[in-house]
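Be aware that the sequence shown starts at 0, since it is given in numbering that gives the first Met the number 0, and climbs by one per residue. Where a beta carbon is used, it is the ideal one built from N, C-alpha and C, also for glycine.
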Amino acid sequence: MKHFSFSNGDKMPTIGLGTWKSAPGEVTKAVTWALEAGYRHIDCAAIYQNEQEVGDALNAAFEKGLVKREDVFVTSKLWNNRHQRDQVSKGLEQTLKDLKLEYLDLYLIHWPVSLKPDVMFPEKGKDFLTYKEVPLAETWAGMEKIKEKGKAKHIGVSNFNISKLKEIMANASQNPEMNQIELHPYLPQEKLVDFCKSHGVGVTAYSPLGSSDRPKARRKEDDPVLMEDPTINDLAKRHKCTPAQLLIAYALHRDLVVIPKSANQERIKQNLEAAKVNLTTENMSLIREVGHKFRYIDGTFFTEVPGSPFGATDLWEV
Ligand code: A2P
Numbered sequence: 000m001k002h003f004s005f006s007n008g009d010k011m012p013t014i015g016l017g018t019w020k021s022a023p024g025e026v027t028k029a030v031t032w033a034l035e036a037g038y039r040h041i042d043c044a045a046i047y048q049n050e051q052e053v054g055d056a057l058n059a060a061f062e063k064g065l066v067k068r069e070d071v072f073v074t075s076k077l078w079n080n081r082h083q084r085d086q087v088s089k090g091l092e093q094t095l096k097d098l099k100l101e102y103l104d105l106y107l108i109h110w111p112v113s114l115k116p117d118v119m120f121p122e123k124g125k126d127f128l129t130y131k132e133v134p135l136a137e138t139w140a141g142m143e144k145i146k147e148k149g150k151a152k153h154i155g156v157s158n159f160n161i162s163k164l165k166e167i168m169a170n171a172s173q174n175p176e177m178n179q180i181e182l183h184p185y186l187p188q189e190k191l192v193d194f195c196k197s198h199g200v201g202v203t204a205y206s207p208l209g210s211s212d213r214p215k216a217r218r219k220e221d222d223p224v225l226m227e228d229p230t231i232n233d234l235a236k237r238h239k240c241t242p243a244q245l246l247i248a249y250a251l252h253r254d255l256v257v258i259p260k261s262a263n264q265e266r267i268k269q270n271l272e273a274a275k276v277n278l279t280t281e282n283m284s285l286i287r288e289v290g291h292k293f294r295y296i297d298g299t300f301f302t303e304v305p306g307s308p309f310g311a312t313d314l315w316e317v
């Protein structure tokens, strides 16, 4: 398994198990199957509301001797209602308690969007906190403290565009080490990836398979289906692999970390085997030329809430 290396030499396996949309009742099995299949990287977040069940699987695997804590890379994310100075460590402590861990390998600010502490998802303008009320630098300073205390070995962000990354970097003692973003052939994010790479920020691709199980509210009937794309399917046939494996291989061939979600034992195994698919430069050029450009997770659940102080330019390169 290939690794992404942090500047201190710590390593993050390039394929991790995504757990967003895995129901609490199925995620314990999914994580156990993944560890049995050889995954050593699990991607979590407080807002997925299944960290206790992920923690059950991790804890059982440690107790059985299936893996040691130090051999599994665990990421989690600070939810938007924990951005204030006194809230960041509370978010982390809850996640550690739920996951039943002493430390995280990587902790990310989930979105550059702040909510009041008692709000999980915004419904009106008053549910938000503006950048004036909670500057991103304040949240980042909280993340730096968590790293200093050893509660997270590495820290980073998710859904940050170039201007938000620059804003953090301008005030930081330590730059973000990772940016987790939606990335796949319909959203190659070349400019953002180049910026990250040239500033020593790793990139993790989320929704690499086109997130076909995303909530109904985030789906329209005519949205393109990435796994049905003719180029992807044609190349998968040529490589005798599945479209999902082809998409995972695409991210790996761009030297990215990738976190396909599955709650199915066979597909969990299959996705790890994508590491064996060797794409050529010509294959990569064909993928670069696929017809659609599409973002599946468009952030309108923050930007289009009536009275929201956040707009598309706070999230994306527009
Ligand atoms: P399932 O959990 O039933 O396997 P993304 O990682 O982009 O969010 O995509 C997740 C979606 O892709 C889920 O619906 C998941 O279903 C499905 N999926 C994951 N792995 C595969 C695979 N190897 N083949 C087909 N579908 C897959």
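Taking non-hydrogen atoms of the ligand A2P into account, the C-beta of Leu271 is found less than 7 Å away from none of them.
Within its own chain, the residues whose Cβ lies closer than 6 Å to the Cβ of Val200, once the five positions on either side in sequence are excluded, are Pro175 and Asn178, listed in chain order. In this structure, the C-beta of Ala274 stays at least 7 Å away from each heavy atom of the ligand A2P. Three or more beta-carbon pairs drawn from the segment 198–216 and the segment 165–174 are found closer than 8 Å, and the two stretches are therefore classed as touching. The shortest C-alpha to C-alpha distance from Glu50 to any of Asp97, Ala29 and Ala235 is the one to Asp97.
Around the C-beta of Gly306, fewer than 16 other C-beta atoms lie within 10 Å, and the residue is accordingly described as exposed. Contact between the segment 244–251 and the segment 225–235 is established, with three or more Cβ pairs separated by less than 8 Å. Residues Ala204, Ser206, Pro207, Leu208, Gly209, Leu225, Leu246, Tyr249 and Ala250 of the same chain have their beta carbon placed closer than 8 Å to that of His183, with the five preceding and five following residues left out of the count. Between Trp110 and Asp193, the alpha-carbon positions lie close to 20 Å from each other. With contacts defined as CB atoms closer than 8 Å, Phe300 and Phe309 fail to qualify as a contacting pair.
For Leu105, there is no enclosing alpha helix (DSSP H); the enclosing beta strand (DSSP E) has its first and last residue at Leu103 to Ile108. If you look at Ala311, you'll find it in the alpha helix (DSSP H) that goes Ala311 to Leu314. As computed with DSSP, Glu181 is found in a beta bridge with Tyr205. Distance between Lys131 and Ser113, taken at the CA atoms: about 11 Å.
Judged by beta-carbon spacing, Leu105 lies within the 8 Å limit of His153, meaning their Cβ atoms are closer than that value. Phe120 counts as exposed, since fewer than 16 other C-beta atoms from the protein chains shown sit within 10 angstroms of its C-beta.
Runs of the beta strand (DSSP E) lying entirely within the segment 108–181 and spanning at least 3 residues, in chain order: 151–157 and 177–181. Between the alpha carbons of Thr13 and Thr27 lies a gap of roughly 22 Å. Around the CB of Asn7, fewer than 16 other CB atoms lie within 10 Å, so the residue is classed as exposed.
Rounded to the nearest whole angstrom, the CA to CA distance from Ile258 to Glu137 is 28 Å. The beta carbons of Leu65 and Asp42 sit no closer together than 8 Å. Counting C-beta atoms within 10 angstroms of its own C-beta, Arg253 has 16 or more neighbours from the protein chains shown and is therefore classed as buried. At the C-beta level, Leu103 and Lys163 stay beyond 8 Å of one another. Looking at the DSSP output, Pro12 sits in a beta bridge with His2.
No heavy atom of the ligand A2P is found nearer than 7 Å to the CB of Lys268. The criterion of a C-beta distance shorter than 8 Å is not satisfied by Glu288 and Leu191. Taken in chain order, the complete alpha helix (DSSP H) segments of 4 or more residues contained in the segment 242–289 are 242–252, 264–271 and 280–287.
The beta carbon of Gly90 sits closer than 7 Å to the beta carbons of Ala45, Leu77, Trp78 and Arg81 from its chain, once the five residues preceding and following it are set aside; these are given in chain order. Glu281 and Lys10 have their C-alpha atoms some 30 Å from each other. About 7 Å separates the CB atoms of Val304 and Glu122; that is less than 8 Å, so the two are in contact.
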